[in-house]
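Encoded as structure tokens, the structure appears first; notes follow it.
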Amino acid sequence: MFKYSKKIFGILVLLLCVYNMAFITPSWANETSIKIGFNIPLTGDIPKVGECSKYAAKMLEEQINTSGGLEIGGKKYPLEFVFEDNESKAESATAVALKLITQDRVLAIIGPQASKQAIPAGEICDAYETPMISPWSTNPQTTQDRPYVFRGCFLDPFQGPVAANFVTKEFGAKRAAVLYDIASDYPKGLAEFFKSAFEKIHGKGSVVSFETFTTKDRDFSAQLTNIIRSKADVLFTPQYYDEVPLIVKQAHELGWNKPIMGSDSWGSAELVKLCGNDCKGLFFSTHYAAAGAKGKTLEFIEKYTAKYGYVPDDVAALTWDATRLLLKAIQNTNGLTGKQRKDRKAIKDQLAQIKNFEGITGKMTFTSEGDPIKCAVVVKINNQGAFEFYQSVCP
Amino acid sequence: MDSQILIQNFLNALQWGSFYALIALGYTLVYGVLLLINFAHGDIFMVGAYLGFFFAIVLTGNSLIHLPLWIVFIMTVVLSMIATSFVGVTLERVAYRPLRRKGTNRLYVVITALMCGLILENGNLAVFGASRRSFPELIEKTIYSFGGITISNIKIMVIVTAFVAFIVLEMIIRKTRIGMAMRAISYDRVAVPLMGIPVDRIIVFTFVLGSSMAALAGVLFVTAYPVLEPYMGATIGWKAFIAAVVGGIGEIRGAFVGGFLLGFIEIFVAAFFPSTLRDLIAFSVLLVLLSVKPTGLFGFSRSTKI
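In order, the protein sequences belong to chains V and D.
The numbering of the first sequence is the working numbering, which starts it at 1 and goes up by one.
The numbering of the second sequence is the working numbering, which starts it at 396 and goes up by one.
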């Protein structure tokens, strides 16, 4: 008897499940809005990056929705952006990607921003055949052999030589030192590309000091002591905005008074606030410069500044571009079928075909790998603490 | 490897070790008296830094009082030490004392301490948000260099403060009546109340001492590394705890020496090996030390702790 009741109970549960599946319609089926997921770091090590991405995306969502929605094949659809926090952790980024794909059933995903999260999240998106654009990830692995993964910025193999050439020309550097976080994909990759580019110009051994630390370290005195003793002409440190102030201040404290060069991860609105006078006069390579912008870029900057009270950094601009790119690709599909697999594939195919897209961070054309060909700029942190355009470097 | 690098790294290690030592002192004080590992201590350090930040902003950012910056700095340190003591004592009153009254196993109190730490961390995250804050420069940085070796006034101040704090603590424990009471509690918890010693008051005093050490470390830490974040206390707190254990937890000299030992190992490994090996080598050395002498460098197998 007891055995029986257990069985009956089991069957009941099973029936309930089937009932649920049959009668509760999936949320996407009769919805007419376009759902796009954002996998961004709203907390964790680089919360400002997440905030800027969210603000830029919100601005675009508002702008399109107030004009009636996105026009696809003659029909207007409202946009719905879903923002999820990946806590700036690789494992959370994959969980967020999964949640956005399977639970929220978004058409495509923007983000993650940093390579550390974009590389593992790209794996998930590619496996689930969902288009993903990382606006800010410059590490080659993010898009490598992943047809569904794209990016909105240039790559580290391009940025490394840009920095190496710049320090050679500008400072006449013959010996360089590098300090980077070995446990993070982006700084590690870029440090190596810089090293090989610099050694190509000045010969083997010209990178006289190649020092490492681990994420969350606060004291770099031992490494900086070695760097200073190596008699390098320039220090290259491709770190995020929360570490740069500590590195720069400690370097100055230990007696370093030569130039320090950075990469696009420096370009946050927070950097000067945290770093103060120590960062003034330093250079870094990046995607766009807010000071001295023209045309559509200026329009974006003015609108963003008026709305949120500070000048948007490169992440905001790249997120804006990446989202617009995605919307353009959705428009190019000439009508959605409502079948998710088919639509996602159509969007991916359209993204791969985009040519000469006019973004606010420059013109973009995708290669077969899903990487855009675009220019880099070198920015100087001027005496007012603003990011000033210094020169432009194109591939 | 030449002597200049050696001396420079020696100075670097003294500064880095000072922070471990100051935090380890707090662990060891509470453990010595209560036999409680106060895992919230790393986060009390963080709270101390944030309170310091708050006072520094209030004292420099208003139009009513204009004080010279060095007075502002001293006031920031003292106010932060007082305010953080209140936080530490509140934790004791709200979380640890009720459990102690009920005679719960010490293990539960330790778990409670862990939770308190997480509450402080996430409470801070909820109140202040995740964005980094920059500690204002209260002391103008001066750099002295002698033949390739450089040292800043901040570095000197950190190192001197750590030594002074240690000596003051030693004096309190060894030379005052209240220190004697603390030693007595750690010696025999049953007999002490019978002698008319107010145990609870002594415990509160212990938390005041421990928390103010953490606040001192916190304010100095953000003066030397001026970026504040809610999780800043987690890793350094754990490491300082290990330093206290290696020194012989419950023993003030042990915490001090253990903190500097860890600082020295970390800096010198980072200086001469790839940094990925730093924690590996540092903690392997400490593990060997502990397996040779399980009670720590200065610890006794169980006699008078503190």
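For glycine and all other residues, C-beta sits at the position ideal for the given N, C-alpha and C.
Per-residue burial, residue i [other beta carbons within 10 Å of its own, 16 or more giving buried]
i: residue 133 (chain V); result: buried
i: residue 387 (chain V); result: buried
i: residue 347 (chain V); result: buried
i: residue 204 (chain V); result: exposed
i: residue 469 (chain D); result: exposed
i: residue 586 (chain D); result: exposed
i: residue 159 (chain V); result: buried
i: residue 41 (chain V); result: buried
i: residue 131 (chain V); result: buried
i: residue 354 (chain D); result: Any question about residue 354 (chain D) goes unanswered here, given that chain D covers just 396 to 701.
i: residue 590 (chain D); result: exposed
i: residue 457 (chain D); result: exposed
Collapsed DSSP secondary structure at residue i in the structure displayed
i: residue 93 (chain V); result: helix
i: residue 172 (chain V); result: coil
i: residue 388 (chain V); result: strand
i: residue 592 (chain D); result: coil
i: residue 32 (chain V); result: coil
i: residue 27 (chain V); result: Confidence is the limiting factor: at residue 27 (chain V) the pLDDT is only 45, short of 50, which leaves the residue's position unreliable, though a coordinate-based value still follows. Note: residue 27 (chain V) maps to coil in three-state DSSP.
i: residue 368 (chain V); result: coil
i: residue 527 (chain D); result: coil
i: residue 358 (chain V); result: strand
i: residue 43 (chain V); result: coil
i: residue 344 (chain V); result: helix
i: residue 658 (chain D); result: helix
i: residue 541 (chain D); result: strand
i: residue 290 (chain V); result: coil
i: residue 448 (chain D); result: helix
i: residue 253 (chain V); result: helix
i: residue 668 (chain D); result: coil
i: residue 423 (chain D); result: helix
i: residue 634 (chain D); result: helix
i: residue 263 (chain V); result: coil
i: residue 106 (chain V); result: coil
Same chain only: Cβ atoms within 6 Å of residue i, ignoring 5 sequence neighbours per side
i: residue 612 (chain D); result: 414, 417, 418, 440
i: residue 28 (chain V); result: Confidence at residue 28 (chain V) is low in this model, with a pLDDT of 45, below 50, so the placement of that residue is unreliable and no value is reported for it.
i: residue 651 (chain D); result: 416, 561
i: residue 311 (chain V); result: 290, 305
i: residue 391 (chain V); result: 378
Candidates the options: closest to residue i by CA position
i: residue 317 (chain V); options: V:288, V:377, V:215; result: V:288
i: residue 451 (chain D); options: D:434, D:472, D:435; result: D:472
i: residue 138 (chain V); options: V:125, V:352, V:113; result: V:113
i: residue 618 (chain D); options: D:498, D:460, D:534; result: D:534
i: residue 242 (chain V); options: D:643, D:637, D:621; result: D:621
i: residue 321 (chain V); options: V:33, V:301, V:259; result: V:301
i: residue 598 (chain D); options: D:590, D:584, D:589, D:610; result: D:584
i: residue 642 (chain D); options: D:424, D:406, D:667, D:405; result: D:424
i: residue 395 (chain V); options: V:39, V:89, V:373, V:379; result: V:373
i: residue 80 (chain V); options: V:73, V:109, V:74, V:92; result: V:109
i: residue 102 (chain V); options: V:47, V:72, V:48, V:36; result: V:36
i: residue 678 (chain D); options: D:635, D:644, D:667; result: D:635
i: residue 623 (chain D); options: V:315, V:45, V:379; result: V:45
i: residue 475 (chain D); options: D:657, D:691, D:610, D:410; result: D:610
Close beta carbons around residue i, own chain, < 8 Å, minus the five adjacent residues each side
i: residue 157 (chain V); result: 140, 193
i: residue 362 (chain V); result: 287, 288, 374, 375
i: residue 30 (chain V); result: Unreliable placement is indicated for residue 30 (chain V), whose pLDDT of 43 sits below 50; the coordinate value is still reported in the next sentence. Answer for residue 30 (chain V): no residue qualifies.
Cβ neighbours of residue i in the same chain (closer than 7 Å, five flanking residues each side left out)
i: residue 430 (chain D); result: 501
i: residue 210 (chain V); result: 178, 195
i: residue 547 (chain D); result: 536, 537, 538
i: residue 399 (chain D); result: 543, 544
_Members of the region 31 to 49 of chain V that neighbour chain D once the beta carbon cut-off is set at 7 Å_ = 43, 44, 47, 48
*Could you run through the region 172 to 183 of chain V and flag, in chain order, every residue whose CB is less than 7 Å away from some CB of chain D?*
Answer in chain order: 182.
*asked:* Counting only Cβ-Cβ distances shorter than 9 Å, please list the residues of the region 270 to 282 of chain V near chain D, keeping chain order.
replied: Within the region 270 to 282 of chain V, the residues whose Cβ lies closer than 9 Å to some Cβ of chain D are 270, 273, 274, 275, 276, 277, listed in chain order.
_Positions along the region 411 to 424 of chain D whose CB lies within less than 8 Å of some CB in chain V_ = 411
*Given a limit of 7 Å on CB to CB distance, which residues of the region 539 to 552 of chain D reach chain V?*
540, 545, 547
_Against chain D: residues of the region 211 to 224 of chain V by CB proximity under 8 Å_ = 211, 212, 213, 214, 216, 217, 218, 219, 221, 222, 223
*Compile a chain-ordered list of the residues in the region 396 to 410 of chain D whose CB is closer than 9 Å to at least one CB of chain V.*
397, 399, 400, 403, 404, 406, 407, 408, 410
*Taking a cut of 9 Å between CB atoms, which residues from the region 239 to 251 of chain V lie near chain D?*
241, 242, 243, 245, 246, 249, 250
_Short-range partners of chain V found in the region 466 to 484 of chain D, where Cβ spacing is below 9 Å_ = none
_If the cut-off is 8 Å on Cβ atoms, which residues from the region 501 to 516 of chain D count as contacting chain V, listed in chain order?_
none
_Within 7 Å of chain D by C-beta, residues of the region 253 to 269 of chain V in sequence order_ = Those residues of the region 253 to 269 of chain V that come within reach of chain D (Cβ to Cβ, closer than 7 Å) are 253, 254, 255.
*For the region 60 to 73 of chain V, which residues have a beta carbon sitting closer than 7 Å to at least one beta carbon of chain D?*
none
_Taking beta-carbon pairs under 7 Å, can you tell me which members of the region 626 to 660 of chain D lie near chain V?_
Result list: 630.
*What residues in the region 611 to 624 of chain D have a beta carbon less than 9 Å from any beta carbon of chain V?*
616, 619, 620, 621, 622, 624
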